[in-house]
Amino acid sequence: MKPVRIIIMAKEPRPGHAKTRLIPALGEHAAAALADRLFKHALQHALAAKLGPVELHITPDPNARYWQDLPGIEQCELYSQVAGDLGSRMAAAVRSSLDQDAAVLIIGTDCPDLTAGKLRAMAQSLQTHDSCLCPVNDGGYALIGLQRFSTTLFTDIPWSTDHVARITRDRIKALGWTCHESEYLNDVDEQTDLPHLEQNYPELFSSNS
Numbered sequence: 006m007k008p009v010r011i012i013i014m015a016k017e018p019r020p021g022h023a024k025t026r027l028i029p030a031l032g033e034h035a036a037a038a039l040a041d042r043l044f045k046h047a048l049q050h051a052l053a054a055k056l057g058p059v060e061l062h063i064t065p066d067p068n069a070r071y072w073q074d075l076p077g078i079e080q081c082e083l084y085s086q087v088a089g090d091l092g093s094r095m096a097a098a099v100r101s102s103l104d105q106d107a108a109v110l111i112i113g114t115d116c117p118d119l120t121a122g123k124l125r126a127m128a129q130s131l132q133t134h135d136s137c138l139c140p141v142n143d144g145g146y147a148l149i150g151l152q153r154f155s156t157t158l159f160t161d162i163p164w165s166t167d168h169v170a171r172i173t174r175d176r177i178k179a180l181g182w183t184c185h186e187s188e189y190l191n192d193v194d195e196q197t198d199l200p201h202l203e204q205n206y207p208e209l210f211s212s213n214s
């Protein structure tokens, strides 16, 4: 199988700056603690998938103690996110990885449904497709996988809206690329996402009960 690099777009879970849409329900510290657990879950499964190198593209401070103390950090390649909106940061990370003759899966840290098995399945789909996508129920996506690069997938996207997956899907089609899609997954962004998290991932939710 062609090597597949997993890119994790990661933000240090600082209270008041992490999971801000959950702060009204959880408070600053509990929201940050949840972000920390979700990130460590994502990293654990990315490493367990054993697809190839795992890259952490981190913000805001790559020298923060948090990254130095992170379990599994010695198995990762660390990069600072570039300036710009989410699309610019994702595009820079993907372009760099594709230049190393590997396919790419790029994920965030908010979707516990992205288990090692799911990551392996999406990587396998890139053996026969130009791209792959894991849409989520709020209209975005939790994963995009690519064999090739196009700026159109990251430019002028209304991030954090329910149009993201649809626009991305349309642009992949316009490029003439094939795309494998998974079933819809669940991420954790809004207060309404918490009951699903509590039911399906109590180990991630428990400290907020």
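Adding 5 to a residue's 1-based position in the sequence shown gives its number in the working numbering.
Beta carbons are placed, not taken as given, at the ideal position from N, Cα and C, and that holds for glycine.
**Q.** Y146: first and last residue of the uninterrupted beta strand (DSSP E) it sits in
**A.** In this chain, the beta strand (DSSP E) harbouring Y146 covers Y146 to L151.
(Q) Give me, in chain order, the residues of the same chain whose beta-carbon lies closer than 8 Å to that of E195; leave out the 5 immediate sequence neighbours on both sides. (A) Counting only residues of its own chain and dropping the five nearest sequence neighbours on each side, E195 has a CB closer than 8 Å to the CB of R26, L27 and D143.
Q | Test item: CB-CB of M127 and C139 under 8 Å | A | Judged by their CB atoms, M127 and C139 are nearer to each other than the 8 Å cut-off.
Q. From this set, A179, S102, T183 and T157, which residue's C-alpha is nearest T133's C-alpha?
A. When only C-alpha atoms are compared, the closest one is T183.
Q | Exposed unless 16 or more other CB atoms sit within 10 angstroms - verdict on G57 | A | Buried.
Q. Alpha carbon to alpha carbon, what distance is there between L209 and I172?
A. Between the C-alpha atoms of I172 and L209 there is a straight-line separation of about 31 Å.
Q: Count the other C-beta atoms from every protein chain shown that fall within 10 angstroms of the C-beta of A179, then say buried if there are 16 or more, exposed otherwise.
A: Classification for A179: exposed.
Q: For the alpha helix (DSSP H) holding T173, just list the boundary residues, first then last.
A: Note, T173: alpha helix (DSSP H), V169 to L180.
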